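K.L.:
Numbering (the working numbering), first residue to last: 2 to 549.
The following block contains the structure, expressed as structure tokens.
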């Protein structure tokens with residue numbers, strides 16, 4: 002198979018996803034018509050529930066990097082919301098799912114604000130306590146929830162005034178699960194998803210690109226509660242009975258096991274993990290009181306043998322296919338002639354003014370009354386031995402350190418005192434002593450920097466609204482131009498972390514340029530490079546200065 006055929010197949014896959022997924026959804030939704038027994042159909046419904054729970058954890062943990070045990074709490078919220086809405090207001094399954102989704106977002110925001118603000122493992126700890134609160138809250142609200150005895154009398158599900166039989170209920174469950182997975186895929190297969198990957202890999206890098214670390218993680222965590230509450234809504238109608246015993250620690254560990262088994266950074270991994278667990282351990286009545294022991298051993302085994310889950314194993318296999326089909330994997334030689342590269346776009350620079358900046362760490366004065374001015378289009382070098390404070394000054398300008406005295410001005414705006422993401426959004430781009438690149442391709446690494454100047458909301462991304470496509474076309478055009486200008490075209494689709502040091506430094510420069518900075522800070526940019534790479538980098542720096 003030729004490289005051209007492989008390239009065309011790769012391009013066609015994106016267009017095939019929706020038709021194939023729709024066909025699979027129809028086949029699964031019509032399972033009873035294919036001869037599935039009632040018991041098998043019930044198992045299919047339970048797989049859908051677990052899939053929704055696992056996919057929510059994949060979003061918060063696999064992509065945003067924040068471990069949460071709150072799935073049972075969101076699940077319970079959806080179930081008890083349905084109990085109250087269906088019994089005391091209006092019995093419509095679509096309405097209950099909508100109310101549950103909104104409730105899930107609110108709970109995610111309320112529980113995520115303190116947990117994420119404290120940082121570290123505090124979100125995992127606070128989400129764990131949400132599970133412990135479920136029985137107490139249910140007991141306090143016994144009038145509406147049925148208390149410890151459980152809620153009964155939940156009517157049969159209805160949709161638009163028509164009662165649904167079990168087969169029709171199955172269709173709603175499958176379509177709701179399938180719809181969420183499409184939205185989930187749309188999110189993670191976009192610049193927003195790449196931002197989450199950057200955030201998970203390096204919050205420092207994320208902040209330097211103008212990404213709010215706290216705000217982005219909070220959004221991801223809040224959204225991750227939506228599929229769990231939708232699953233709870235659907236679960237309430239399954240047997241018409243909801244009891245707090247369902248929403249315990251065992252369920253939280255089951256969800257975590259499903260995420261690890263299928264692959265926490267995969268959309269289809271949630272389907273695989275949920276299916277294997279539901280048809281395996283969850284279907285065994287003999288597991289009983291040994292469930293936690295089983296899942297604990299299983300998690301240790303998976304962490305050692307298959308750390309990336311089934312999805313990671315599948316990716317490893319598919320990565321070898323091109324080589325088996327005759328693609329050697331050899332990378333083309335980079336084109337060094339500037340005449341054959343695109344020109345950098347014009348960059349509107351601003352004056353950087355440092356006035357009397359001082360910074361001390363304990364009794365050690367790293368900076369003492371530093372003052373200078375860098376004009377647009379000018380190259381200003383900070384020269385000094387190791388430990389003289391060069392990086393400290395750049396970190397102070399970038400907002401990673403707060404100045405003790407003095408001011409930093411960008412144009413007419415004071416930026417000293419702002420956090421790193423706000424400084425980046427003001428127009429300060431930078432590279433680092435040790436190149437920071439996300440586990441993405443070169444093209445994706447450059448595109449994430451467009452966040453500052455080319456915004457699109459998460460909702461627009463998930464629903465693929467017109468603004469998303471407009472923004473994506475703008476990103477593609479801008480990124481291709483910058484990649485061509487810096488000579489990275491041969492590596493555009495390569496994993497950035499696998500590139501040699503010199504190429505990663507050029508990539509850092511390209512990514513910084515993609516944010517259209519008003520001033521660019523380069524920290525030890527030539528460190529570790531050979532003579533040829535230094536010469537190439539020097540040309541690039543002069544071209545950047547000439548661009549503005």
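A virtual CB, placed ideally from N, CA and C, is assigned to each residue, including glycine.
Please read these numbers as outputs of a predicted model, since none were measured by experiment.
Tell me which residues share the same chain as residue 49 and place their Cβ nearer than 7 angstroms to its Cβ, disregarding the 5 neighbours each side in the sequence.
P.N.:
On the chain shown, residue 49 is found 48 positions in, with the first residue counted as 1. Counting only Cβ-Cβ distances below 7 angstroms, and skipping sequence neighbours, we find 174, 175 and 178.
K.L.:
Decide if residue 329 is buried, meaning its Cβ has at least 16 other Cβ atoms within 10 Å, or exposed.
P.N.:
For this step, residue 329 is matched to residue 328 along the chain shown. In this predicted model, residue 329 has a pLDDT of only 43, less than 50, meaning its place in the structure is not dependable enough to derive any value.
K.L.:
Determine, using beta-carbon pairs with one atom in the region 147 to 155 and one in the region 254 to 267, whether at least three such pairs fall under 8 angstroms.
P.N.:
Touching, no, given that fewer than three Cβ pairs across the two stretches are closer than 8 angstroms.
K.L.:
Using a Cβ-Cβ cut-off of 8 angstroms (strictly less than) and excluding sequence neighbours within five positions of residue 543, which residues of its own chain qualify?
P.N.:
To locate residue 543, count along the chain shown from 1; it is residue 542. Hits under 8 angstroms: 380.
K.L.:
Could you spell out where the beta strand (DSSP E) holding residue 141 opens and where it closes?
P.N.:
Within the chain shown, the letter at position 140 stands for residue 141. Looking at the DSSP string, residue 141 is not in any beta strand (DSSP E); the run it does join, the alpha helix (DSSP H), is 123 to 141.
K.L.:
Beta carbon of residue 54, beta carbon of residue 229: below 8 angstroms?
P.N.:
Here the question's residue 54 lines up with position 53 in the chain shown. Here the question's residue 229 lines up with position 228 in the chain shown. Yes, Cβ-Cβ distance for residue 54 and residue 229 is below 8 angstroms.
K.L.:
What residues in its chain sit with their C-beta under 7 angstroms from that of residue 140, if we drop five residues either side in the sequence?
P.N.:
In the chain shown, the residue the question calls residue 140 occupies position 139. So the list reads 148 and 149, once near-sequence residues are dropped.
K.L.:
Unbroken beta strand (DSSP E) runs of length 3 or more, entirely within the region 385 to 459: which are they?
P.N.:
Secondary structure within the region 385 to 459: the beta strand (DSSP E) runs of 3 or more consecutive residues, fully enclosed, are 406 to 411 and 429 to 431 (chain order).
K.L.:
Rounded to whole angstroms, what is the Cα-Cα separation between residue 407 and residue 348?
P.N.:
As a position in the chain shown, residue 407 is number 406, starting the count at 1. As a position in the chain shown, residue 348 is number 347, starting the count at 1. Approximately 28 angstroms, taken between the alpha carbons.
K.L.:
Taking residue 425 as the reference, which of 109, 436 and 411 has the closest Cα?
P.N.:
Your numbering for residue 425 matches position 424 in the chain shown. It is 411.
K.L.:
Report buried or exposed for residue 27, applying the criterion of at least 16 other Cβ atoms within 10 angstroms of its Cβ.
P.N.:
In the chain shown, counting from the first residue as 1, residue 27 sits at position 26. A residue is called buried when at least 16 other Cβ atoms come within 10 angstroms of its Cβ; residue 27 does not meet this threshold and is exposed.
K.L.:
How would you call residue 195, buried or exposed, if buried means at least 16 neighbouring beta carbons within 10 angstroms?
P.N.:
Here residue 195 refers to the residue found at position 194 of the chain shown. Per the 10 Å Cβ criterion, buried.
K.L.:
Quick check on the burial criterion: 16 or more other C-beta atoms within 10 angstroms. Buried or exposed for residue 351?
P.N.:
Taking the first residue of the chain shown as position 1, residue 351 is located at position 350. Residue 351 should be labelled buried.
K.L.:
May I ask you to list the residues that DSSP assigns as paired with residue 51?
P.N.:
On the chain shown, residue 51 is found 50 positions in, with the first residue counted as 1. According to DSSP, residue 51 bridges with nothing at all.
K.L.:
Following the continuous alpha helix (DSSP H) through residue 484, name the residue where it begins and the one where it ends.
P.N.:
As a first step, residue 484 is located in the chain shown; it is residue number 483 there, counting from the start. Residue 484 -> alpha helix (DSSP H) spans 467 to 487.
K.L.:
When DSSP labels each residue in this structure, what does residue 365 get in the three-state scheme?
P.N.:
Position 364 of the chain shown, counted from the first residue, corresponds to residue 365. DSSP places residue 365 in strand when its eight states are reduced to three.
K.L.:
According to the neighbour-count rule (16 or more other Cβ atoms, all chains shown, within 10 Å of its Cβ), is residue 67 buried or exposed?
P.N.:
Here residue 67 corresponds to residue number 66 of the chain shown, with the count starting at 1. Result: buried.
K.L.:
Would residue 64 pass as a contact of residue 197 if the rule is Cβ separation under 8 angstroms?
P.N.:
As a first step, residue 64 must be located in the chain shown, where it is residue number 63. As a first step, residue 197 must be located in the chain shown, where it is residue number 196. Yes, they are a contact pair.
K.L.:
DSSP puts residue 355 in a beta bridge; with which residues?
P.N.:
As a first step, residue 355 is located in the chain shown; it is residue number 354 there, counting from the start. 373 and 409, per the DSSP bridge assignment.
K.L.:
At the level of alpha carbons, what is the spacing between residue 369 and residue 415?
P.N.:
For this step, residue 369 is matched to residue 368 along the chain shown. For this step, residue 415 is matched to residue 414 along the chain shown. Cα to Cα, residue 369 sits roughly 19 angstroms from residue 415.
K.L.:
Closest to residue 142 by C-alpha separation, out of 502, 244 and 387, would be which residue?
P.N.:
Taking the chain shown and counting its residues from 1, one reaches residue 142 at position 141. When only C-alpha atoms are compared, the closest one is 244.
K.L.:
Around the C-beta of residue 466, are 16 or more other C-beta atoms found within 10 angstroms, so that it is buried, or is it exposed?
P.N.:
Start at 1 with the first residue of the chain shown, and residue 466 comes out as number 465. Residue burial annotation: residue 466 is exposed, with fewer than 16 other C-beta atoms found within 10 angstroms of its C-beta.
K.L.:
Going straight from the alpha carbon of residue 159 to that of residue 122, what length do you get?
P.N.:
Your numbering for residue 159 matches position 158 in the chain shown. Your numbering for residue 122 matches position 121 in the chain shown. The alpha-carbon atoms of residue 159 and residue 122 are separated by roughly 42 angstroms.
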